[in-house]
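Counting along the sequence shown from 1, when you hit position 138 you're at 138 in UniProt numbering, and nothing is skipped either side.
Here a beta-carbon is modelled for each residue, glycine too, at the ideal position from N, C-alpha and C.
Fair warning: this is a prediction, and the values are worked out from it, not measured in the lab.
Input: a single structure, listed below in structure tokens.
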Amino acid sequence: MNVQPQPYNAVAPATARETDTYRAISYRTTGSGHGAIVRLMSPGDLGHLIKPFVFLDLFEGESSFINGMPMHPHSGIATVTVITEGNLRFEDADSGKGMIDYGGVEWMRAGGGVWHGKEMSVGTSKRIQGFQLWVALPPALENASVDSQYLESSAMPEVGPARVILGTYQGVQSPVRAPAGMNYLLVTLRAGESWRYVPPDGHESLWLSVSRGSLGAPGVVMAGEMVIFEPGSGAVTLKAMHKDTVFVIGSAQPHPHELALGNYSVHTNPQALRAGEAKIAEIGARLREYLKQPDGSGSVPVFK
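So, in structure tokens, the structure goes:
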């Protein structure tokens, strides 16, 4: 991963009038590519700095790449997938069927354990782009039951140029059943347009990533980059540079626990990790037996 520490004075000093919105960029990265997926953050690098946000992937390419996603497990975390271009279909036994396009969301709280990977499929667009974010769950939820939501774009509330994906922004609450203490917004700015984000009290962690266009933050953040701001409570003023710009921005109260890491799991302690991995193994064994049955169609979007 190409992570570059950013000295405090890497961005031009603020004027007196701008002091209340000045917040320096501490780190920036373009991640590491894996085909259509670029991993921008993981717990082993930037994730430990801004937890509960621990993984961030930017995916982009021909929509057909989604067909190659294998069934895989998780525990201890929740994933939130946001579409920024194109569309995907979803199908889940508990949630029905539908289409997720720009601003639509899949929320998957893995909790104590789940296998998934086939609940999303190619929609009507030839190309797809979006972000998948992993958030570490608090102790009360890290080994809890699975909770899934599929929210079409019309269900996601807007405040100015921002869609409220997680949390509450300017009094508007996201419908996603996420733990309290974090915000995650999808923002689109017209070329030359500025927007100010004021984090809620206690949200000392702040980061953003651009999928299209470029931002003045005030240093320039290009498409494909993720940046982390210095810890604090200050607001940031962001400006779309020469073209329309799409980005996600997250802020949160710091996750007060160490991260116990497995191959597919993130927990708050080794005991919870062992419980999650044991549950994953048990679910995986049942999944393999199910797929051997004559009536096992091979299409198992979510197995829990």
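Applying the criterion that 16 or more other CB atoms from any shown protein chain within 10 Å of the CB defines a buried residue, is residue i buried or exposed?
i      : result
GLU225 : buried
GLY44  : exposed
ARG163 : buried
VAL302 : buried
SER194 : exposed
ASP57  : buried
ARG286 : exposed
LYS126 : exposed
GLY171 : exposed
HIS34  : exposed
GLY232 : exposed
From residue i to residue j, what does the alpha carbon distance come to, in whole angstroms?
i      : j      : result
ALA136 : HIS74  : 11 Å
HIS72  : GLU152 : 24 Å
GLY262 : ARG274 : 9 Å
ALA278 : VAL220 : 45 Å
VAL266 : TRP207 : 20 Å
THR124 : ASN269 : 43 Å
ASP92  : GLY284 : 18 Å
ALA12  : VAL82  : Low local confidence applies: a pLDDT of 32 at ALA12 is under 50, so the model's placement there is unreliable, with the coordinate-based value given in what follows. Approximately 32 Å between the Cα atoms of the pair.
LEU88  : ALA24  : 36 Å
GLY234 : ALA272 : 35 Å
GLN129 : MET69  : 15 Å
PRO179 : VAL198 : 20 Å
ALA155 : GLY61  : 26 Å
PRO211 : GLN293 : It should be pointed out that residue 211 corresponds to Ser in this sequence rather than to Pro. When rounded, the distance between both Cα atoms is 43 Å.
SER32  : PRO139 : 30 Å
PHE229 : ASP201 : 16 Å
ALA217 : GLY192 : 13 Å
LEU291 : GLU158 : 42 Å
THR30  : GLY276 : 31 Å
TRP134 : GLY47  : 10 Å
LYS97  : SER26  : 42 Å
ALA281 : GLU258 : 24 Å
SER95  : TYR22  : 43 Å
HIS116 : LYS304 : 9 Å
Rank the options by C-alpha distance to the C-alpha of residue i and give the top, closest one.
i      : options                        : result
ARG28  : MET222, PRO138, GLY171         : MET222
LEU215 : LEU206, GLY171, PHE247         : PHE247
ALA36  : TRP115, VAL164, SER63          : SER63
THR84  : SER205, GLN271, PRO256, GLN132 : GLN132
TRP107 : GLY130, ALA78, GLY86           : ALA78
SER174 : GLY103, ILE25, ALA240          : GLY103
ALA110 : PRO199, LEU189, ARG23, LEU141  : LEU141
PHE55  : GLY213, ILE280, GLY250         : GLY250
THR188 : TYR169, LYS243, GLU282         : LYS243
VAL80  : ILE100, ASP94, GLY86           : ILE100
In the DSSP assignment, what are the bridge partners of residue i?
i      : result
GLN149 : TRP107
VAL54  : For VAL54, which the question treats as bridged, DSSP gives no partner whatsoever.
PRO231 : DSSP lists no partner for PRO231.
ALA260 : HIS267
ASN183 : SER251
GLU204 : Beta-bridge pairing links GLU204 to no other residue.
PHE65  : Its beta-bridge partners do not exist; DSSP assigns none.
MET99  : ARG89
GLN293 : BP columns for GLN293 are empty, so no partner.
ILE37  : HIS34, PHE59
Assuming residue i contacts residue j (C-beta within less than 8 Å), just tell me the rounded distance between them.
i      : j      : result
TYR184 : ILE165 : 4 Å
ARG196 : ASP147 : With 8 Å as the limit, ARG196 and ASP147 do not qualify as a contact, their Cβ atoms being about 33 Å apart.
ALA144 : GLY167 : That pair is no contact at about 19 Å.
VAL114 : ILE66  : Contact doesn't hold; Cβ gap of about 18 Å is too wide.
PRO52  : HIS255 : 4 Å
LEU49  : SER209 : About 14 Å; that fails the 8 Å criterion.
ARG190 : ALA240 : 6 Å
ALA252 : GLY160 : Actually they are not in contact, since the Cβ atoms of ALA252 and GLY160 sit about 21 Å apart, beyond 8 Å.
GLY213 : THR245 : 3 Å
8 Å is my cut-off, CB to CB: does residue i come that close to chain B?
i     : result
SER32 : Protein chains in the displayed structure number just one, and chain B is not present.
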